[in-house]
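Asks: Counted from 1, the sequence shown has number 125 at position 131 by this note's numbering; the numbering is strictly sequential. Backbone N, C-alpha and C define an ideal beta-carbon position, used for all residues, glycine too. Okay, here's the structure, questions in a sec.
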Amino acid sequence: MTGTAAVNRNRWFGAEMILFSAILFLVEFIRGAGVISFLPVYGEKTLGLSLDIIGVAVTAHYITDTVLKLVIGYLLDRMSARFVVQAGLLLTTLGIALLPYATTAWLFITASALFGIGISPIWIVCLTRVSEDRRATQMGYLYTIWFVGLGAGPIAANLLLDYSRKWTFMLLLAMSVAALALSLLMHGGRAHGVSQMPLGQQLVVLRDKLRQMRLLLPGMILQTTGASMLVPILPSFASDKLGLTGAQYSLLLVVGGACTVGGLMPLGRLSDRIGGKKWFLVIGFACFALTLYSLAWAPSFSKCLLLAGALGLSYAAVLPAWNALLASYVPPKQQGLGWGLFSTVEGIGVMIGPIVGGVIASRIGVPSVVWYSAVLFGLIGLFYLWFPFRSFAEHAEPPRSGGNSHTKG
């Protein structure tokens, strides 16, 4: 092992990364428990809000999460990561603490928006630490932490919601306070190797990147729209349409998450070895569409478990291929700003989806959201079947040593 590789290994599996991993786990736990489980149930059952209002609240959460990614990326290139992460987590804790007092729609939406502020910084901080020479290992590690946290949150929340919404809220608040406390242990100082060119010049570089990526933009937006349409209706769809208890719904999430985590590394390495992103995207999104279509028919619980596993494997196939495609477009000297911008573009769909899903559910019915999402994923699969990957790749820069490689797609 070379000296540089040894340094990278120590940096990634030393005290700093253990701390980052703990904060990342807590943040994703809070996101999963809050957005997927607690907010929809609390808004509908406790506050008596309609699904379209809940959809707006979830969108408000993702608006702050998404819009601030570009600002957070810029700040991380210039300020202490500790300060950025702490400020975000403080506002997130405030948003969660406001929820018991959110007796009106506007306050519920405001609390949800504040809740979204502290989600992104720690993920972008972790991305800026990824080194190209150990990309697969490091990204596999990060994605594992991300999925475990994101999956454990709804599972714990669903189990607690069967007994007490108050204790579910207390769990969210305790996790948020714990994440904020851990962020106090982060080291100060700015990232190394960051270009200090003026913001206007950096934006010109990123604008050129987006122009090169213009054919990818529809897919970036539509795929996050299709997934986020399901967020406001998942608990009610699981209980009312599929007839599942909280424990059964949690088991579905466990199966789907386990298949995703288990498939990420082998499918990612297979994608790198084959060198073909196209068919991983086409087949992955086609499987998404077929699986959602099957779920909309309200199959038995055993079939739901199989479909959840298929969804997890489909996501594991799509994620490495998609993020590898984006990797070439991150300017190596503006990593925070670059990943923040790309995450913002992807987040447009995340902002649109919950509103669309909530409106469809209120006007047509909850199962219709699943149908429309399945159709959308099918169209995305057809889009990537048509997409000219070979000619498009000629415009991309090869990944450079020390650069980042992935964002959550």
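Around the C-beta of H55, are 16 or more other C-beta atoms found within 10 angstroms, so that it is buried, or is it exposed?
Replies: In the sequence shown, counting from the first residue as 1, residue 55 sits at position 61. By the neighbour-count rule (16 or more Cβ atoms within 10 Å), H55 is buried.
Asks: Let's test the definition: count the other Cβ atoms within 10 Å of the Cβ of S149 and tell me whether it reaches 16, buried, or not, exposed.
Replies: Counted from its first residue, the sequence shown places residue 149 at position 155. Per the sequence shown, the amino acid found at residue 149 is Ile instead of Ser. Per the 10 Å Cβ criterion, buried.
Asks: Could you tell me the alpha carbon to alpha carbon distance between V312 and E38, rounded to whole angstroms?
Replies: Your numbering for residue 312 matches position 318 in the sequence shown. Your numbering for residue 38 matches position 44 in the sequence shown. Taking the straight line joining both Cα atoms gives about 33 Å.
Asks: Is I215 closer than 8 Å to F279 when the C-beta atoms are compared?
Replies: On the sequence shown, position 285 is the one that residue 279 refers to. On the sequence shown, position 221 is the one that residue 215 refers to. For F279 and I215, no; Cβs fall outside 8 Å.
Asks: Measuring CA to CA, which of S106, G351, S170, L179 is closest to T218?
Replies: The residue you call residue 218 lines up with position 224 of the sequence shown. Closest option to T218, Cα to Cα, is G351.
Asks: Could you pull the start and end residues of the alpha helix (DSSP H) that S106 belongs to?
Replies: Residue mapping note: residue 106 aligns to position 112 of the sequence shown, counting from 1. Its alpha helix (DSSP H) spans residues 99 to 109.
Asks: Are the CB atoms of I30 and V225 within a distance shorter than 8 Å?
Replies: For the purposes of this step, residue 225 is taken as residue 231 along the sequence shown, with counting starting at 1. For the purposes of this step, residue 30 is taken as residue 36 along the sequence shown, with counting starting at 1. Yes, these two residues count as a Cβ contact at 8 Å.
Asks: Do L154 and L165 have their C-beta atoms closer together than 8 Å?
Replies: To locate residue 154, count along the sequence shown from 1; it is residue 160. To locate residue 165, count along the sequence shown from 1; it is residue 171. Yes. Within cutoff.
Asks: Quick one: is P229 buried, meaning 16 or more other Cβ sit within 10 Å of its Cβ, or exposed?
Replies: The residue given as residue 229 occupies position 235 in the sequence shown. With 16 or more other Cβ atoms within 10 Å, it is buried.
Asks: How would you write the range of the alpha helix (DSSP H) that E38 sits in, first residue to last?
Replies: One-based indexing of the sequence shown puts residue 38 at position 44. Unbroken run through E38: none, as it is neither H nor E.
Asks: Under 7 Å Cβ to Cβ from V78, same chain only, skipping five residues before and after it: list those, please.
Replies: Indexing the sequence shown from 1 puts residue 78 at position 84. These residues qualify, in order along the chain: I66, L69, L70, P115.
Asks: Whole angstroms are fine: how far does the CA of S367 sit from the CA of S288?
Replies: Along the sequence shown, one-based indexing puts residue 288 at 294. Along the sequence shown, one-based indexing puts residue 367 at 373. Straight-line Cα distance between these residues: approximately 12 Å.
Asks: With distances taken from CA atoms, which of F14, L238, S356 is nearest T122?
Replies: Mapped onto the sequence shown, residue 122 falls at position 128. Measuring from the Cα of T122, the nearest candidate turns out to be F14.
Asks: Check whether the Cβ atoms of L307 and C253 sit closer than 8 Å, and answer yes or no.
Replies: As a position in the sequence shown, residue 307 is number 313, starting the count at 1. As a position in the sequence shown, residue 253 is number 259, starting the count at 1. Yes; because the gap between Cβ atoms is below 8 Å, this pair is in contact.
Asks: From L376 to L210, what does the alpha carbon distance come to, in whole angstroms?
Replies: Walking along the sequence shown from the start, residue 376 turns up at place 382. Walking along the sequence shown from the start, residue 210 turns up at place 216. Computed Cα separation, rounded: 13 Å.
Asks: With burial defined as no fewer than 16 other Cβ atoms inside 10 Å of the residue's Cβ, what is the status of A9: buried or exposed?
Replies: Reading the sequence shown from its first residue, position 15 is the one you call residue 9. Exposed, since its Cβ has fewer than 16 Cβ neighbours within 10 Å.
Asks: Is P260 buried or exposed, if buried means 16 or more other CB atoms sit within 10 Å of its CB?
Replies: Taking the sequence shown and counting its residues from 1, one reaches residue 260 at position 266. Classification for P260: exposed.
Asks: Specify the secondary structure class of F381 as computed by DSSP and reduced to three states.
Replies: Counting from one through the sequence shown, the residue named residue 381 turns up at place 387. Looking at F381 - three-state DSSP - the assignment turns out to be coil, as it is neither helix nor strand.
Asks: Determine the direct distance from the alpha carbon of E340 to that of L246, and round the result to whole angstroms.
Replies: For the purposes of this step, residue 246 is identified with residue 252 of the sequence shown, where counting begins at 1. For the purposes of this step, residue 340 is identified with residue 346 of the sequence shown, where counting begins at 1. Between L246 and E340, the C-alpha separation is close to 26 Å.
Asks: Given a cut-off of 8 Å on the beta-carbon distance, is the pair A173 and L20 in contact?
Replies: In the sequence shown, the residue the question calls residue 173 occupies position 179. In the sequence shown, the residue the question calls residue 20 occupies position 26. For A173 and L20, yes; Cβs fall inside 8 Å.
Asks: Is H55 helix, strand or coil when you go by DSSP?
Replies: Counting from 1 along the sequence shown, the entry for residue 55 is found at position 61. Note: H55 maps to helix in three-state DSSP.
Asks: Assuming S158 is part of the alpha helix (DSSP H), what are its boundary residues?
Replies: In the sequence shown, counting from the first residue as 1, residue 158 sits at position 164. Run containing S158: none; DSSP gives neither H nor E here.
Asks: If I follow the unbroken alpha helix (DSSP H) through V119, where does it start and stop?
Replies: As a working mapping, residue 119 is identified with position 125 in the sequence shown. Start and end: 114 to 121.
Asks: Counting only runs that start and end within the segment 4 to 31, where is the alpha helix (DSSP H) found for 4 or more residues in a row?
Replies: Counting only runs of 4 or more, we get 9 to 25.
Asks: So S250 and G303 are in contact, right, with Cβ under 8 Å, and what is the actual spacing, rounded?
Replies: Here the question's residue 250 lines up with position 256 in the sequence shown. Here the question's residue 303 lines up with position 309 in the sequence shown. According to the sequence displayed, residue 250 carries Gly and not Ser. So it is a contact: roughly 7 Å between Cβ atoms.
Asks: Excluding the 5 residues flanking Y378 on each side, which residues of the same chain have their C-beta closer than 6 Å to its C-beta?
Replies: Counting from one through the sequence shown, the residue named residue 378 turns up at place 384. Same-chain partners within the cutoff: L275, V276.
Asks: Starting from the C-beta of L167, find all residues in its chain whose C-beta is less than 8 Å away, skip the five residues before and the five after it, and write them out in chain order.
Replies: The residue labelled residue 167 in the question sits at position 173 within the sequence shown. Taken in chain order, the residues that qualify are T87, I90, A91.
Asks: Quick check on C281: does DSSP put it in helix, strand or coil?
Replies: Counting from one through the sequence shown, the residue named residue 281 turns up at place 287. Reduced to three states, the DSSP call for C281 is helix.
Asks: Under DSSP, the alpha helix (DSSP H) around F77 begins and ends at which residues?
Replies: Within the sequence shown, residue 77 is the residue found at index 83, counting from 1. Unbroken alpha helix (DSSP H) run through F77: 75 to 92.
Asks: From what residue to what residue does the alpha helix (DSSP H) around I358 run?
Replies: Walking along the sequence shown from the start, residue 358 turns up at place 364. Per DSSP, I358 belongs to no alpha helix (DSSP H) and is neither H nor E.
Asks: Who are the Cβ neighbours of T285 in its own chain at under 6 Å, not counting the five residues just before and after it?
Replies: If you number the sequence shown from 1, residue 285 lands on position 291. Contacts found: L301, A304, L305.
Asks: Can you round the beta-carbon distance between S177 and I17 to whole angstroms, since I take them to be within the 8 Å contact cut?
Replies: Counting from 1 along the sequence shown, the entry for residue 177 is found at position 183. Counting from 1 along the sequence shown, the entry for residue 17 is found at position 23. That pair is a contact at about 6 Å.
Asks: Would you report the Cα separation of F282 and V198, rounded to the nearest angstrom?
Replies: Against the sequence shown, residue 282 aligns to sequence position 288. Against the sequence shown, residue 198 aligns to sequence position 204. Taking the straight line joining both Cα atoms gives about 36 Å.
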